[in-house]
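A.B. asks: Just so you know, the protein sequences line up as chains Y and Z, in that order.
Just so we're aligned: 37 in our numbering is position 37 of the first sequence, and the numbers increase by one with no gaps anywhere.
Just so we're aligned: 1071 in our numbering is position 71 of the second sequence, and the numbers increase by one with no gaps anywhere.
By construction, the Cβ of each residue, glycine as well, lies at the ideal position given by its N, Cα and C atoms.
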Amino acid sequence: MKITVGGEKREVEEGLTVSALIAAEQVETPEYVTVSVNEEFIENGAFDTHILKEGDEVEFLYFMGGGC
Amino acid sequence: MQITITKEDFDRLVEHARSVSPKEACGLVAGEETTDGTREIKRVWLLTNIDHDEEHFSIDPREQLAAVKEIRSLGLTPLGNWHSHPASPSRPSEEDKRLANDSRASYLILSLEGEEPVLNAFHIEGPAEKRTVRKEDLIIR
Chain Y
1 MKITVGGEKR EVEEGLTVSA LIAAEQVETP EYVTVSVNEE FIENGAFDTH
51 ILKEGDEVEF LYFMGGGC
Chain Z
1001 MQITITKEDF DRLVEHARSV SPKEACGLVA GEETTDGTRE IKRVWLLTNI
1051 DHDEEHFSID PREQLAAVKE IRSLGLTPLG NWHSHPASPS RPSEEDKRLA
1101 NDSRASYLIL SLEGEEPVLN AFHIEGPAEK RTVRKEDLII R
């Protein structure tokens, strides 16, 4: 099936989870990544169970924060 | 690494940071990167600090997502983020270093501590418990 990851088209296997996509995309420091699918944020605890669907638009965002 | 920002964008950061001071201000920067690693900031985003705090910031993830899409639609490259230190120097704090999770990013820190604002850019990489910080050659023009 076809999905979009960070604005780029990808052909992936049916039943792919968010966790599997993170691994396949070799996302740097995945523990600090926020994932949105079709502009909805996915809870970190649901990465293993959220199954992607045809046409999904996925974005990986790094948490950005700090302090002085 | 050299990174440039226009005086106009620098002034926008300062104006926004002063408007929310003593709370920290934050946002993203995007532009172009040449093959030799030189970076040119073409646009800055002023985003919401959802911590609304004087010593901490977290960029609103919804605004971050919208900005990332806008950056892409403009054909620009995400270059990093910026935040203000209302009452401390322009250098990464321990928390800044610990939370600098993107080794490709330039981390810009705007200090309002003195009479004149000071902006510096940093490259931060390595494991969270032992980050390496390198000051970038920031040019305002």
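What are the complete beta strand (DSSP E) segments, minimum 3 residues, inside the segment 1050-1076 of chain Z?
C.D. replies: 1056-1058
A.B. asks: Applying a beta-carbon distance threshold of less than 9 Å, which residues of chain Y neighbour residue 1088 of chain Z?
C.D. replies: 68, listed in chain order.
A.B. asks: Is DSSP giving residue 1137 of chain Z helix, strand or coil here?
C.D. replies: Strand.
A.B. asks: Please return the same chain residues whose Cβ sits closer than 7 Å to the Cβ of residue 1026 of chain Z, not counting the five positions on each side in sequence.
C.D. replies: 1047, 1049, 1057, 1059, 1081, 1082, 1083
A.B. asks: Taking all protein chains shown into account, decide if residue 1074 of chain Z is buried (16 or more other Cβ within 10 angstroms of its Cβ) or exposed.
C.D. replies: That one is exposed.
A.B. asks: Would residue 1037 of chain Z and residue 1076 of chain Z qualify as a contact pair, given that the criterion is a beta-carbon distance under 7 Å?
C.D. replies: It is not a contact, given that the beta carbons lie outside the stated cut-off.
A.B. asks: For residue 999 of chain Z and residue 1029 of chain Z, I'd like the C-alpha separation in whole angstroms.
C.D. replies: Residue numbering for chain Z in the displayed model covers 1001 to 1141; residue 999 of chain Z lies beyond these limits and cannot be assessed.
A.B. asks: In angstroms with no decimal places, state the Cα-to-Cα distance between residue 1131 of chain Z and residue 1003 of chain Z.
C.D. replies: If you take the alpha carbons of residue 1131 of chain Z and residue 1003 of chain Z, they lie about 21 Å apart.
A.B. asks: Using a C-beta to C-beta distance shorter than 9 Å, which residues of chain Y count as neighbours of residue 1056 of chain Z?
C.D. replies: Within chain Y, the C-beta atoms nearer than 9 Å to that of residue 1056 of chain Z come from 65, 66, 67, 68, in chain order.
A.B. asks: Look at the Cβ atom of residue 1140 of chain Z, then the Cβ atom of residue 1010 of chain Z, and state whether they are nearer than 7 Å.
C.D. replies: yes
A.B. asks: Which chain Z residues sit within Cβ distance under 9 Å of residue 47 of chain Y?
C.D. replies: Under the 9 Å cutoff, chain Z gives no residues; its nearest Cβ is about 16 Å from residue 47 of chain Y.
A.B. asks: Hey, does residue 1039 of chain Z have any beta-carbon neighbour from chain Y nearer than 7 Å?
C.D. replies: no
A.B. asks: Answer yes or no: do residue 1 of chain Y and residue 57 of chain Y have a C-beta to C-beta separation smaller than 7 Å?
C.D. replies: No; because the gap between Cβ atoms is not below 7 Å, this pair is not in contact.
A.B. asks: Can you name, in chain order, every residue of its own chain whose Cβ lies under 8 Å from the Cβ of residue 1021 of chain Z, other than the five neighbours on each side?
C.D. replies: 1084, 1086, 1112
A.B. asks: Give the interface partners of residue 61 of chain Y over in chain Z, defined as CB-CB distance under 8 Å, in chain order.
C.D. replies: 1061, 1064, 1065, 1068
A.B. asks: If you run the structure through DSSP and keep just helix, strand and coil, what is residue 71 of chain Y?
C.D. replies: Because chain Y here runs from 1 to 68, residue 71 of chain Y falls outside it and cannot be looked at.
A.B. asks: Rounded C-beta distance between residue 1107 of chain Z and residue 1089 of chain Z? I'm assuming under 8 Å.
C.D. replies: Contact doesn't hold; Cβ gap of about 14 Å is too wide.
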